[in-house]
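Novice: Pasting a structure here, questions to come.
Number of protein chains: 2
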Amino acid sequence: MARRRTTLKDVAREAGVTISTVSRVLNNKTLTVPVTDSTKERVFEAARTLHYMPNRLARGLAAATTQVAGMSFPMTSPLNRADHRDVTFLNLGMLISGVQNVFQASGYELHIFNRLEHDLNPDAPPRRMSLDFIDGLIYVEPNPKYPYFEEVVKAGLPCVLLGENPMEHPVHSVCADDFEEMRQLVSALIRKGHRRIGYLLALLNEPPMDVLKRMEGYCAAHRDAEIDVDYELIRREHVADVPLRDSVTALLSREPSITALLIGRTEVAVDVLGMVQEAGIRVPEDLEIVVVGDDRFFSATQPSLSAMRFDYLRIGAEAAHLLLNAVRGEVDEATSISVPWGFMERESCRLKEFLRTPS
Amino acid sequence: MARRRTTLKDVAREAGVTISTVSRVLNNKTLTVPVTDSTKERVFEAARTLHYMPNRLARGLAAATTQVAGMSFPMTSPLNRADHRDVTFLNLGMLISGVQNVFQASGYELHIFNRLEHDLNPDAPPRRMSLDFIDGLIYVEPNPKYPYFEEVVKAGLPCVLLGENPMEHPVHSVCADDFEEMRQLVSALIRKGHRRIGYLLALLNEPPMDVLKRMEGYCAAHRDAEIDVDYELIRREHVADVPLRDSVTALLSREPSITALLIGRTEVAVDVLGMVQEAGIRVPEDLEIVVVGDDRFFSATQPSLSAMRFDYLRIGAEAAHLLLNAVRGEVDEATSISVPWGFMERESCRLKEFLRTPS
DNA sequence: CTGAAAGCGCTTACAG
DNA sequence: CTGAAAGCGCTTACAG
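Here the protein sequences line up with chains B and G, keeping their order. Sequential numbering from 25 applies to the first sequence in this note's numbering. Sequential numbering from 25 applies to the second sequence in this note's numbering.
Printed below as a string of structure tokens:
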């Protein structure tokens, strides 16, 4: 039943050589340290018949590398509510695929960690993952205040942050250049002829950096075209005491009327579309709509909603490459990579020909 | 920068004792092997000032246990489409929470593995996770034909399967008793007075076991109440050449009319509700609807949809407990645990008072 | 080309 | 109560 697992020693005995030799041929060190073809054969043969699988713990301990990389993000909400993190989940598959494709090609294995929320019990010591099992970590952290990541970085583990870096500490990171991307988007709308572009901001309690950057991009595009920004067109959605409907109504009643609308949060896009149409405004004839952030339901609305999509597959791949380089020590300073948005052209706004193709 | 990590040896030197002693007090072996309070203090003190963290690789190698358990399921689709696995994703958070709550209480760490699809390249050797890093594995596998799990079980690693066991090999498993649960549900409908209960089956290419069991449960409930089953009321949804609409139409036009409808697949529930209402049938006045499987959108439909919910939080917890017992060798034979469904009562069907409360 | 040996950082009987 | 020592299963200079 629980028969002892075959070790290097077993293989060595079977092949009539030393474990040093077995280790060498099984690890392809045979390039730097030459080995006779015949012994190589014997070793492979022995390993095969004995179903040898190296013990990764021992290997990791001796070689100081596990060939495993980690990826951490919150998969569960503090209240165990299934829908809490759905926004994250929706694109998680793409992100993981992007990462794993790269890792697999490099012989790396991916372990995923659920970063626990401690909101329920802030006094509890933060659960930590054992960093010994991994050579590096990709860290996805929507909450910039979460303290654990900084510890990980300081511990000297190669890390790549997905998103804006909220820390003092320099660290590799991959994210979109929200300023530039929004500027491009708004510029394209202006090139198409729009002069009155409403912008429904996704401001919750505190404005996160990326939203501020987008807002600046919105303004920069106007400045580029020498159009004065009407700040009344930038409406904060979901302010404490202002319901969404009021924000939308205010935006729609502003004169001269807006001809284009940017919706900054995917979750409210369908609702907003409904409110617009209830107000007797035709989309896209009277008003073109672009959502900043894509959702699988946007192709099913009436009309379907055009959206800026974050290319999670590519983001994941870039992060994985960056991490692998960091693990190999091939990159010294903290680098940050910017992945452009993609435009999902649907019925609510045709814009492709006005967008500059990325260089 | 890359300063050497502090090891047991460092702590021992600092505390003026041997590494044996340090190991003992830090691992609370002090119950079986007594240690003076004063040396205990010195050791703790030294460990604290040196920020000692045990190397888990070394510990794992020496102790033959890593205090880490794994959980594996497909998070990515073969085509990297974000929406492919959304059904899984939707409840993943609950499942993970259930597992992790239990693990955490036992000092176990959870590593999550994305089981890769090999549909894209079936010739590629299956990517395998290194079993050396984990003491046990919870395996979630929607595809009963996937061969890898059997290897894992044979390798002697303690395993718990989430779902039906498709293998010959006996293995611990946690799932719902689909036969009994469906029987209870239909019995409740019958107790409420329904005699004509439509059942839209979720049959894709091949009928999976759980759907067959549910169908038997449906029939058993009728038998219990001495009602003849009208097999025309059991419609296969989404058969190759029969569109959903036709199945629904056929179901609704069957005489005498159905007064209750079971929808077997969450994905089509909203569509079916729409078709029913287009046909001029009022829900729930003319027709009560229950979906087998819950979805976060069901509370937003008009009327909101009642549903049987799989209790993923509890399923996860049961699986974790079972795995922990298996790791400890406290459970010998393959046990399978059945977790009951829960009823989410909403507007489309009031049924709570007719359901037997679980004993 | 191959082997003997030290070492990775721990745990755990076994002595004392 | 504490220590010396063997061992977990590997890797990797260092000899030969």
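No residue lacks a Cβ here, since even glycine has one placed at the ideal position from N, Cα and C. These figures come from a predicted structure and were not determined experimentally.
1. Could you tell me whether any non-hydrogen atom of the ligand GDP is closer than 6 Å to the CB of residue 339 of chain G?
2. Buried or exposed: residue 372 of chain B, going by 16 or more other Cβ atoms within 10 Å of its Cβ?
3. For residue 199 of chain B, tell me which candidate among B/216, B/165, B/374 has the shortest Cα-Cα distance.
4. Anything in the segment 112–136 of chain B with a Cβ closer than 7 Å to a Cβ of chain G? List those residues in chain order, please.
5. Could you give the uninterrupted runs of the alpha helix (DSSP H) lying entirely in the segment 59–83 of chain B, keeping only those of 4 residues or more?
6. Return the residues of the segment 322–338 of chain B that lie within a Cβ-Cβ distance of less than 8 Å from chain G, sorted by chain order.
7. On the premise that residue 184 of chain B lies in contact with residue 350 of chain B, defined as a C-beta separation below 8 Å, what is that separation, rounded to the nearest angstrom?
8. In terms of residue numbering, what span does the beta strand (DSSP E) encompassing residue 349 of chain G cover?
9. Hey, residue 7 of chain G and residue 285 of chain G: beta-carbon distance below 7 Å or not?
10. Assign residue 233 of chain G to buried or exposed, taking buried as 16 or more other Cβ atoms, counted over all protein chains shown, within 10 Å of its Cβ.
11. What does DSSP give as the partner residue(s) for residue 314 of chain B in the beta ladder?
12. If you measure from the beta carbon of residue 156 of chain B to each beta carbon in chain G, is any gap under 7 Å?
13. Kindly indicate which three-state DSSP category residue 247 of chain G falls into: helix, strand or coil?
14. May I have the straight-line CA-CA distance separating residue 300 of chain B from residue 211 of chain B, to the nearest angstrom?
15. Name the chain G residues that come within less than 8 Å of residue 80 of chain B, Cβ to Cβ?
16. Give a yes or no on whether 7 Å exceeds the smallest Cβ distance from residue 84 of chain B to chain G.
17. Assuming the contact rule is C-beta atoms closer than 8 Å, residue 138 of chain B and residue 136 of chain G should be a hit. Round their C-beta distance to whole Å, please.
18. When the Cα atoms are used, what is the spatial distance from residue 354 of chain G to residue 182 of chain G?
19. Measuring CB atoms only, is the segment 204–223 of chain B touching the segment 234–242 of chain B, in the sense that at least three cross pairs come out at less than 8 Å?
20. Can you round the beta-carbon distance between residue 93 of chain B and residue 161 of chain B to whole angstroms, since I take them to be within the 8 Å contact cut?
21. With 7 Å set as the bound, which would you pick, yes or no: does the beta-carbon of residue 99 of chain B sit closer than that to a beta-carbon of chain G?
22. Any beta carbon from chain B within less than 7 Å of residue 349 of chain G's own beta carbon?
23. Would you decide whether residue 326 of chain B is buried or exposed? Buried here means 16 or more other CB atoms lie within 10 Å of its CB.
24. Check the Cβ of residue 51 of chain G against every Cβ in chain B and list those closer than 7 Å, keeping chain order.
25. Pull up the CB-CB distance for residue 154 of chain B and residue 80 of chain G, whole angstroms please, since I reckon it's below 8 Å.
26. When you compare only the Cα positions, how much space is there between residue 335 of chain G and residue 366 of chain G?
27. In or out: residue 247 of chain B buried (at least 16 other Cβ within 10 Å) or exposed?
28. So who's on the other strand from residue 93 of chain G, going by DSSP bridges?
29. Report back the beta-carbon spacing between residue 221 of chain G and residue 282 of chain G to the nearest angstrom; my notes put them in contact at under 8 Å.
30. Only counting the same chain, and skipping five residues up and downstream in sequence, which positions put a Cβ closer than 6 Å to that of residue 256 of chain B?
31. To which residues does DSSP link residue 223 of chain G through a beta bridge?
Specialist: So, from the data block:
1. The ligand GDP is not part of this structure, which contains no ligands at all.
2. buried
3. B/165
4. 113, 114, 115, 116, 117, 118, 120, 121, 124, 128, 133, 134, 135, 136
5. 61–73
6. 336, 337
7. 7 Å
8. Here residue 349 of chain G belongs to no beta strand (DSSP E); instead the alpha helix (DSSP H) covers 336–351.
9. Outside the displayed span of chain G (25 to 383) sits residue 7 of chain G, for which this structure offers no information.
10. exposed
11. B/286, B/330
12. yes
13. helix
14. 23 Å
15. 154, 156, 157
16. yes
17. 7 Å
18. 11 Å
19. yes
20. 7 Å
21. yes
22. no
23. exposed
24. Within chain B, no residue comes near residue 51 of chain G; the closest Cβ sits about 15 Å away, beyond 7 Å.
25. 4 Å
26. 7 Å
27. exposed
28. G/134, G/160
29. 6 Å
30. 278
31. G/258, G/286
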